[in-house]
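First the structure, in the form of C-alpha cells, and then the observations on it.
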C-alpha cells in the first residue's frame, strides 16, 4: 500500500466536536489555544491543556458528551470552579466545564434541606439559607469562590464543620450520571428501583464489598479509625462499613470521589443551624506543646472552631495593616489558637464562653484570654487566619509556586506530629514553611514556596513528600489528605497510607463504576509512582503587577466577563504563557511562534477588550492583585500612537462634552423619526461596519444633560449655611434623564435640590465643564493625559474648597474612587452614597416611599466598603429593598456597554428576573445606570433621586405636622 492510499488519522477530539455540534452551539465547544489553556488551569501546581473544553447546559447534553467520549475512548474530567489544590481538575483530554445551566437551587423543609446544582457557589447557598437561620455544613476557606460540585466531589470541609457536618455526613440525596450515561436520582423510589434492575452488577458488587469489609474485623476497624480523623485520601471506604444498602453505599462513595466515579448533577444537603451570636479570642501560648495540650483540652468544649497557628505563620502576617501589635512581641517558638464560640442567643453564648474560660484557668498563656463580640475585631481575627496561605504566596520569589498540603494527625499525638513535621521541613531545606490548621481535628496545613526550574528542586520536593507520607500515613496513622482531595498530588501515596488490602478494595470500586477508566484517570488511583512530579505548572515572570498571582481563582466569581471570555486568573495565565514564549527569543520553533501569534491575536478581544478594568478582582485576591492594572498597561502600550488625540481631547474637554451632548440630541431626533427599532438597526450596522469604533445606540441612552442648571445655582434664604463644593462628573454633565422615565431631572438638578433642602451652600469650581478626574483617559491606557486632567482638577478643587476647608461632593462613585488615589490628601472627597447617608440623611425629614426598589452596589462602592450604607440609605427611603444576587460589576465600564455591549449583557444576565417586581432601581454611577436599565427592564436612577423623593426640609415637615 502506498502512502497516498493511507487515510489520514482522524483526530478523535475533533470528531467528538463535530458530533456535538448537532446538539450544542459552537461557542460551547472550545478548542482554540487561548481558551483551552485558560479554562484548563486550576489552583493546583499542575498543568495539562485539554484538547476540547465542553460546556454542556443540561443533563441531556452532558450525557451526550459522555457517550461521545465513551465511543472514542476519550478520558473526561469535570470542572466546577477550579479552586482545587491537588490536581484533580486538570486534563489533556476532554474537560467538561460547568457554567450556565448548573446554578439551580431549591429550599426544602422550611430550610432544613437545600437542593443544589453543582455550579452554585457555596456562599450563595448559605445566602439562600439566611432567612431560615441555617447553612450548609461544609465551610471551606474558599466558600466564596468554590462551587457545590467541587465541595461534594472533594468532601471539602473547613474551619467549623469538622467531620460531623461535612458532605459525607450531611448529604441527603443526589442525582448522579454514571460513566455509561445512566442517571440515578436517589430521592426517587422509582429511579432507585429501576437502577437496581439495570445495574445489578454494580449494586450487588457494592453490597458484596460492604459485607466482605465488615466481615474483615481488622480492615473494618482500620477504616473506622481513619475516619475518626478528617480524611480525603482515596475513596470513602467508610461507606462500606456505615451502610449495607447498595444505593446508599454508592451515594456516599460519590462524596470525595473527585469525578472519578460519576457526575453529581444535583445534591440535597441536610442543613445545619447557623448560630447568630458569635465571639472569638486570639490566644497566645508560649510553645507548641502547650498549644497542643490546650487543643486537646478544648476538644469536648462547646467551641465552633479552634485554629492553630505556629510562630512562623504569625510572623508572615504580623506587618499587615490592622494586625495586633502583640503579634510582633511574641517570642520564638510561641503559637496561637483562634477560638470561635457561637450560640443561639446571648445567654447560651455566655455560658459557652464561661466553659472555655474555665479550661484556660490551668493553662499558661502569654496574654489574658479575652473574647470579643465586636464584629470588626472578630473579622480581623479571622482575617489573620485566612491570610496565612496567601501571605506566603505574596513573598515568594517570582517563578516559584506556593504549595499547601494538608494532613491530619490523631489529636492525642498532635504535638509530636507538629514537631516531627517541623524537623522534616528543616532537614529538607524548607525553613520558611509555616504551619496552621483546624486543631480540633488534628488537621494541619503546611505551606511553603517551591520552584521546579532549578536542578535538584524536583528531587528535593520528592524527598520531602516521601518522608511526610511515611511520617503521617504510616508512623502516626494519620491522613495524607485531610480535606483537599487526593488528586494527582497524593495518588502515588494512597497505598502507602491505606495498605495493600484497602488499596485493592479501592481499585475494585473504580472498576465497578468505571470499567473503562475514562473518568478522570490517574486521579485518586494511579499506577504511576512519579505522577505527582509530572506536568508541573510553569509560573514565568509576566509583569510585576501580577507575578505574585497564585492562580487560586478566588477572583473569578466577581468578574463581569466570567461567562463571556476570560476571568482575571485566566488573563494572568495567558499573559504568563505569552511571556514564556516571548522569552524564547530567536529560538522558538515554528509551532511555538505560531502559537504565540495566535495567543496575542485572541487575547486582544478575550483578554483586553472584554475586561472592564473594574478592579473587583483585587477585593477578592488573597494577595491584592488588580488584573485591570495589567490590562490598562497593555492598553497603554497598544494605544500609545493615539496619545496626541487624547491630549487634544483633554485640552478641549468642554468642547468634547458639548459634542457628546449634541450627539445625544441627534440620537433623540433619530429616535423620534426612526423609532427605537429603526435607530437600533442603523446604529448596529454602523457599529459593525466600523469594527466597534462607533458606539452602539441603546434604548436607555439618556437625553443630553442640561448643564445650564450649574449657572443658575443659588442659595435660598439668607441664613448662614454649611458650605460644600459640588463637582459634577463629566458623565453627569453629558447624560441627563432617561427617555420616558418619570424622573425627568438630571443628576445635577437632583443633587442641587438635595443640598439646598439639607441646608448647604453650594460652591462650584471654576470652569466645571472643562474638568475631569482623568479616569476615562486612564482606562484607555492614556496615562499622561489622565495625570494632566487629575492635576488640573486638583488645582481647581483646592481653590474652591479653600485648601480642603470645605468638603467636596462628586455625584459619581467611580470618579470619587479614582480621585481619592490621585488628588491632594488635604481634599475631603465625598462619595455620593457616603455623603447622603452620613450628612444628608440626618438633616432631612424622611417619609419612606411605598415602593419596592432594587439597589446596585457599584464596583467603586465595593472598593470603598459602602455596600451596607448604600442598602441602609435605600431602606430608609423605601418600603422594600432588593439587592440582586450574584450581580457584581455591571460591565458597562464607562463606554464598554456601547462599544462592547455583549460584556454588559453577560454581566447582567439574570438581573431582569430578580428585579421584575421592583418599581425602580438605584445606583451611584450614571453610565452603570444606562446598562442596568437596559438589562433590568426597569429604570435605574441615582440613589440621590430616591433620597430626594422621600425627603423634606425638616422645617417643612414640622409645619406639615
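Residue numbers (this note's numbering): 3 to 963.
Glycine is no exception: its CB is placed at the ideal position from the N, C-alpha and C atoms.
On a predicted model such as this, the values are computed, not experimentally measured, just so you know.
Asked	Found
According to DSSP, is residue 718 part of a helix, a strand, or is it coil?	Here the model assigns residue 718 a pLDDT of 48, short of 50, so the residue's position is not dependable and the matter cannot be decided.
Along the chain, where does the beta strand (DSSP E) containing residue 923 start, and where does it finish?	922-925
Hey, how far is the Cα of residue 440 from the Cα of residue 342?	12 Å
Since residue 945 and residue 895 are thought to touch, with beta carbons under 8 Å apart, how far apart are those beta carbons, to the nearest angstrom?	With a Cβ gap of about 20 Å, residue 945 and residue 895 do not count as contacting.
Ignore the nearest five residues each way along the sequence and tell me which others in residue 821's own chain have a CB closer than 6 Å to its CB.	775 and 831
With C-beta atoms as the reference, is residue 256 less than 8 Å away from residue 178?	yes
So which of 594, 800 and 699 has the shortest CA-CA distance to residue 668?	699
Figure out for me which residue from 929, 106, 793 and 530 has the closest Cα to the Cα of residue 707.	929
Given a cut-off of 8 Å on the beta-carbon distance, is the pair residue 88 and residue 487 in contact?	yes
In whole angstroms, what separates the C-alpha of residue 303 from that of residue 164?	14 Å
Are the beta-carbon atoms of residue 405 and residue 449 separated by less than 8 Å?	yes
Can you check DSSP and say which residues form a bridge with residue 525?	Its beta-bridge partners do not exist; DSSP assigns none.
Go through the stretch 409-461 residue by residue and report every complete run of the alpha helix (DSSP H) that reaches 4 residues or more, in order.	416-429
Give a yes or no on contact between the stretch 742-762 and the stretch 783-802, applying the rule of three or more CB pairs nearer than 8 Å.	no
Return the residue from the list 274, 69, 97 and 140 that minimises the CA-CA distance to residue 185.	69
In whole angstroms, what is the alpha-carbon distance linking residue 206 and residue 513?	14 Å
Going along the chain, which residues of its own chain have a beta-carbon closer than 8 Å to the beta-carbon of residue 656, five neighbours each way excluded?	769, 771 and 772
Just tell me which of 483, 530, 610 and 418 has its CA closest to the CA of residue 641.	610
Within the same chain, show all residues whose beta-carbon is closer than 6 Å to that of residue 548, passing over the 5 residues directly before and after it, in chain order.	574, 627 and 632
In the DSSP assignment, what residue or residues form a beta bridge with residue 810?	727 and 831
What are the complete alpha helix (DSSP H) segments, minimum 4 residues, inside the stretch 553-599?	570-584
Tell me the rounded alpha-carbon separation between residue 648 and residue 662.	15 Å
Mapping DSSP to helix, strand and coil, what is residue 143?	coil
Spatial neighbours of residue 434 within its chain, please: C-beta separation below 8 Å, excluding the five flanking residues on both sides.	314, 394, 450 and 451
Going by C-alpha distance, which of 190, 600 and 937 is nearest residue 911?	937
Near residue 396, which residues of its chain fall below 6 Å by C-beta distance, leaving aside the five closest residues on each side in sequence?	550 and 625
Relative to the alpha-carbon of residue 246, which residue among 252, 925 and 212 has its alpha-carbon at the smallest distance?	212
Between the stretch 40-60 and the stretch 523-541, are three or more C-beta pairs nearer than 8 Å?	yes
If you compare alpha carbons, which of 922, 900, 891 and 171 is closest to residue 909?	891
Using alpha carbons as the reference points, say which of 59, 94, 26 and 86 lies closest to residue 39.	94
Near residue 113, what residues of its chain come up, given a Cβ to Cβ distance below 8 Å and the 5 sequence neighbours on each side ignored?	131, 133, 134, 135, 136 and 273
Provide the residue(s) that pair with residue 762 in DSSP beta bridges, ordered along the chain.	724
Would you call the stretch 525-536 in contact with the stretch 248-266, where contact means no fewer than 3 C-beta pairs closer than 8 Å?	yes
Please identify the residue among 331, 334, 337 and 375 whose C-alpha is closest to the C-alpha of residue 347.	375
With a 10 Å radius around its C-beta and 16 neighbouring C-beta atoms as the bar for buried, classify residue 23 as buried or exposed.	exposed
Expressed to the nearest angstrom, what Euclidean distance is found between the alpha-carbon atoms of residue 378 and residue 791?	37 Å
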